[in-house]
C-alpha cells in the first residue's frame with residue numbers, strides 16, 4: 641500500500657529510544673522527513689543517524705518537554721530542520737515513575753502535567769495553524785493502555801494520560817473538516833526498555849523476578865507475546881497516511897488483545 645506521505649514532514653517527540661524511535665523509523669521508511677526530538681541529544685542523534693543509514697531523511701533536535709516556555713523556539717527549529725511546516729505531529733512523552741495516586745505533592749503532579757500533557761497541547765497549538773493553511777495534517781498522540789483500563793501501580797500515568805484522550809477527541813471534532821485528523825494510539829506490552837523497567841519494578845514489589853513477571857504478563861496476552869516496537873511504529877505510520885484520512889477521533893490499541901473493552 642502506498643501511504644501517500646512521501647515528502648511530508650514529521651515531528652516525533654521522545655524519539656531517542658523505544659516507541660518514539662520506532663515511530664521515527666517507520667515514518668522515515670515511508671519517505672517522510674523526520675525531526676527526531678528528545679531530551680538527550682546523543683540519543684536523538686543516534687536515531688537520526690540510523691534512519692539516514694537506512695536511506696531515510698532525519699534530523700535531531702534536543703528538546704526537554706518540561707520546559708514549556710521554549711515551545712515556540714523549538715517548533716521554529718523543527719520547522720527549519722524539516723524545511724517547512726510540520727505535517728505530522730507525534731506526541732510521545734516519557735512516563736512518570738511507578739506508584740499510586742495518593743500522597744504526591746502538588747508540585748509532582750504539576751511537573752509531570754507540564755511535561756506529559758501541557759507540552760503536547762502547546763506544541764499542537766503551534767503547528768496547527770500551518771496544517772490548517774495547507775489543508776492537511778495528522779496529530780497522533782501515544783499514551784498508555786492505562787487510559788482504557790487503569791494499571792495498578794501507575795497512578796500518575798493513568799490520570800495524566802487520560803487527559804490527552806479527552807483533549808484529542810475534542811480536537812478531532814474541531815479540525816476534522818479541515819483535512820486534519822487527531823487520534824490516540826495505545827500500546828499494550830511492547831518490548832521496550834520502559835516495559836522492562838516496569839517488569840523489574842513489579843518484581844521488586846512482589847518479591848519475584850523480572851523473568852517471572854514477564855512470563856505471567858505474556859500468558860495474559862491473547863497473542864502470547866510482547867509486541868515489537870516496529871509493529872507499533874508501523875501502526876502510527878498508517879494513521880499518518882492518506883488512506884487513513886477517515887480515521888479521526890479514534891483510540892487505536894496495539895496490544896495483542898490484552899486491554900479489556902470498556
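In this note's numbering, the protein residues as written are 641 to 902.
Even glycine gets a Cβ: it sits at the ideal position worked out from N, Cα and C.
Ordered along the chain, which non-local residues of its own chain (more than five positions away) have a Cβ less than 6 angstroms from that of residue 722? The answer, listed in chain order, is 649, 673, 675.
Specify, as a first and last residue, the run of the alpha helix (DSSP H) that residue 686 falls within. Boundaries of the alpha helix (DSSP H) around residue 686: 681–693.
For residue 979 versus residue 894, is the C-beta distance shorter than 8 angstroms? Lying outside 641 to 902, the shown extent of the chain, residue 979 is not represented and no answer is given.
For a minimum of 3 consecutive residues, which ranges assigned as the beta strand (DSSP E) are wholly contained in the segment 807–857? Runs of the beta strand (DSSP E) spanning 3 or more residues and lying entirely within the segment 807–857 occur at 820–827, in chain order.
Identity of the residues DSSP links to residue 798 by a beta bridge: Partner(s): none; residue 798 has no beta bridge.
So, is the C-beta of residue 678 closer than 8 angstroms to a C-beta in chain B? The question asks about chain B, but that chain is absent: this structure has only one protein chain.
Under the DSSP definition of a beta bridge, which residues are partnered with residue 702? In the DSSP output, where bridge partners are listed per residue, residue 702 has 678.
Cross-strand partners of residue 780 (DSSP beta bridge): Answer is 730, 823, bridged to residue 780.
Can you tell me the Cβ-Cβ gap for residue 708 and residue 655, rounded? I've got them flagged as a contact below 8 angstroms. For residue 708 against residue 655, the beta-carbon gap comes to about 19 angstroms, at or over 8 angstroms, which does not count as contact.
Counting pairs of beta carbons, one from the segment 680–699 and one from the segment 739–747, are three or more of them closer than 8 angstroms? Judged by Cβ distances under 8 angstroms, the segment 680–699 makes no contact with the segment 739–747, as fewer than three pairs qualify.
Please identify the residue among 819, 679, 715, 744 whose C-alpha is closest to the C-alpha of residue 774. Nearest of 819, 679, 715, 744 to residue 774, Cα basis: 819.
Three-state secondary structure (DSSP) of residue 859: In the three-state scheme derived from DSSP, where H, G and I count as helix and E and B as strand, residue 859 is classed as helix.
Closest by C-alpha distance to residue 861, when choosing among 662, 830, 772: Here the closest residue by C-alpha is 830.
Return the residue from the list 812, 849, 868 that minimises the CA-CA distance to residue 888. Of the candidates 812, 849, 868, 812 places its Cα closest to the Cα of residue 888.
What is the residue span of the beta strand (DSSP E) that residue 651 lies within? Boundaries of the beta strand (DSSP E) harbouring residue 651: 649–652, taken from the DSSP string.
Relative to the alpha-carbon of residue 653, which residue among 645, 642, 677, 659 has its alpha-carbon at the smallest distance? Of the candidates 645, 642, 677, 659, the one whose C-alpha sits nearest the C-alpha of residue 653 is 677.
Residue closest to residue 875, alpha-carbon to alpha-carbon, out of 658, 647, 662: Taking the Cα of residue 875 as reference, the smallest distance to any Cα among 658, 647, 662 is reached at 662.
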